[in-house]
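Before any comments, here is the structure.
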Amino acid sequence: MSEAVTVLRRGGLVAVPTETVYGLGADASNELAVRRIFAAKGRPLSHPLIVHLADVQAAKAWGRELPTTFDTLARIFWPGPLTLVVHRSALATDAVTGGQPTVALRVPDHPLTLELLHAFRGGIAAPSANRFGKVSPTTAEHVRQELGTDVDLILDGGPCAVGVESTIVDLTHPEPRILRPGGVSREDLVRVLGRPVRLAHEASDVRAPGMLESHYAPRAGVLLVERAALYDEAQKRVAEGKRVAVLAPATARVPVKVHRAEVPEDAEGFARELYASLRSLDAEGFDLVIAALPDEKGLGLAVRDRLLKAAAPRG
Ligand code: AMP
Ligand code: MG
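Heads up: the sequence shown begins at 439 in our numbering, then just goes up one per residue.
Structure representation (structure tokens):
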């Protein structure tokens, strides 16, 4: 832990466990350190990073003109898988925000990283600890395999409990809206705010970076079909000579000769295991992963979003 603080203070990169996915962290106040994150990931400089903080009080210093919805959501969901986008204070530099006048803030719910944040006494800027556009890591081993020596230190906090990224809510407009569905469900946001909460693309004008492009993509191709079509589609692709795996719960019908990567029936379980499943299918050398989209309830909305982007045409 003290080593992690030392690495952050000298401008190094520390991979940190969170309840969502592993992050690639740097001192958010050190522009050179933040630039190292972009270099390690191969991430375009215009894609802003989330600043992770120890508590609500620390987060407030990074924003200004905070609406009352900020307090309401922060009080209920932090520490937790919710990121709030607000107008930035002078603490947030262009390196962190991609030059935007807003900043994304979160208090993550993981004991090791909360301990690190308290010991470090600053913000940790961290995107997911993977190469840009690829599958996010949910174990320390995933980070080791993917980033190797490009990261100075990896804190191993075990497998991530949520398994998909945080829900990002933009609070800079009169209507809060979801820029990215994630670990906090839309239903929970609606319940707490007492009003409808739209997804940004439903609200038309704003688009979170990466909303339509390929992202979260394994090496294998990803094909999405109706659940009722899983069986026939798998058979057809196998007949074409492809190495096919089906990502499906135990109750879905899959041809006997086709590999089933079993995922839990419930959306929370699917979310928790999604990325690790995609990674192991890549390691086993499958060419094509066929999956059915879960419905939009609860974490199903986030799982759908990740699968749709994983299946998007590769650039
Ligand atoms: P990652 O979890 O690696 O995808 O990185 C953090 C996510 O937060 C990215 O999808 C960013 O687009 C998003 N993000 C960070 N800051 C902002 C901001 N100020 N406005 C909108 N989205 C943001
Ligand atoms: Mg990412």
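Note that beta-carbon positions come from the ideal geometry of N, C-alpha and C, so glycine has one too. Remember, it's a predicted structure, so these values are computed and weren't measured experimentally.
Name the DSSP beta bridge partners of His490, please?
Answer is Arg544, Ile562.
Note the first and the last residue of the continuous beta strand (DSSP E) segment covering Gly461.
First-last of the beta strand (DSSP E) with Gly461: 461-465.
Give the straight-line distance between the Cα atoms of His556 and His490, rounded to the nearest whole angstrom.
Cα to Cα, His556 sits roughly 11 Å from His490.
Does any heavy atom of the ligand AMP sit closer than 8 Å to the C-beta of Gln538?
True, at least one ligand heavy atom lies under 8 Å from that Cβ.
Check each candidate in Ala748, Lys479, Leu712, Gly449 and name the one with the smallest Cα separation from Arg569.
The shortest Cα separation from Arg569 among Ala748, Lys479, Leu712, Gly449 belongs to Lys479.
Give the single residue among Pro751, Gly463, Ala528 whose Cα lies nearest to the Cα of Val443.
Nearest option by C-alpha distance: Gly463.
Are there 16 or more other CB atoms within 10 angstroms of the CB of His611, so buried, or fewer, so exposed?
The residue is exposed, with fewer than 16 neighbouring Cβ atoms inside 10 Å.
Can you tell me where the beta strand (DSSP E) with His580 in it begins and where it stops?
Premise fails: His580 lies in the alpha helix (DSSP H), 578-585, not in any beta strand (DSSP E).
Take Leu543 and list the residues in its own chain whose beta-carbon comes closer than 6 Å to its own, dropping the five residues that flank it on each side.
Only Val489, Ala497, Trp500, Leu522 meet the Cβ criterion.
Would you grab the beta carbon distance between Ala466 and Val472 for me? Rounded to a whole angstrom, and I think it's under 8 Å.
Right, their Cβ atoms sit about 7 Å apart.
Just to confirm the assignment, what range does the beta strand (DSSP E) spanning Glu700 have?
That run of the beta strand (DSSP E) goes 697-700.
Can you list every residue whose CB sits closer than 6 Å to some heavy atom of the ligand MG, going in chain order?
Result: Pro565, Ser566, Ser574.
Taking 6 Å as the limit between beta carbons, can you name the residues of its chain near Glu469, skipping five residues before and five after?
Closer than 6 Å at Cβ, skipping near neighbours: Thr531, Ala533.
Less than 8 Å between the CB atoms is what I'm expecting for Gly736 and Glu651, so what's the real figure, rounded?
Contact flag wrong, Cβ pair sits at about 26 Å.
On the DSSP bridge assignment, give the partners of Asp590 in chain order.
Its beta-bridge partners do not exist; DSSP assigns none.
Taking only heavy atoms of the ligand AMP into account, decide whether any of them is closer than 8 Å to the Cβ of Asp547.
No, Cβ of Asp547 sits at least 8 Å from all heavy atoms of the ligand AMP.
Can you tell me whether Asp643 is buried or exposed, with buried defined as 16 or more other CB within 10 angstroms of its CB?
The predicted model places Asp643 with a pLDDT of 48, which falls under 50 and marks its position as unreliable; any figure quoted below should be read in that light. Counting Cβ neighbours within 10 Å, Asp643 comes out exposed, since fewer than 16 surround it.
Skipping 5 residues on each side, what residues in its chain have a beta carbon closer than 6 Å to that of Gly595?
The answer, listed in chain order, is Pro455, His548, Leu550.
Measure from the alpha carbon of Phe558 to the alpha carbon of each residue in Val573, Ser718, Phe515, Ala492, then state which is nearest.
The shortest C-alpha separation from Phe558 is found at Ala492.
Per DSSP, which one or two residues make a beta bridge with Asp670?
DSSP, once it has assigned bridges, lists no residue as partnering Asp670.
Kindly give me the distance between the Cβ atoms of Arg717 and His580, rounded to whole angstroms, as I take these residues to be in contact under 8 Å.
Right, their Cβ atoms sit about 6 Å apart.
Within 8 Å: the Cβ of Thr521 and any heavy atom of the ligand AMP?
Yes, the beta carbon of Thr521 sits closer than 8 Å to at least one heavy atom of the ligand AMP.
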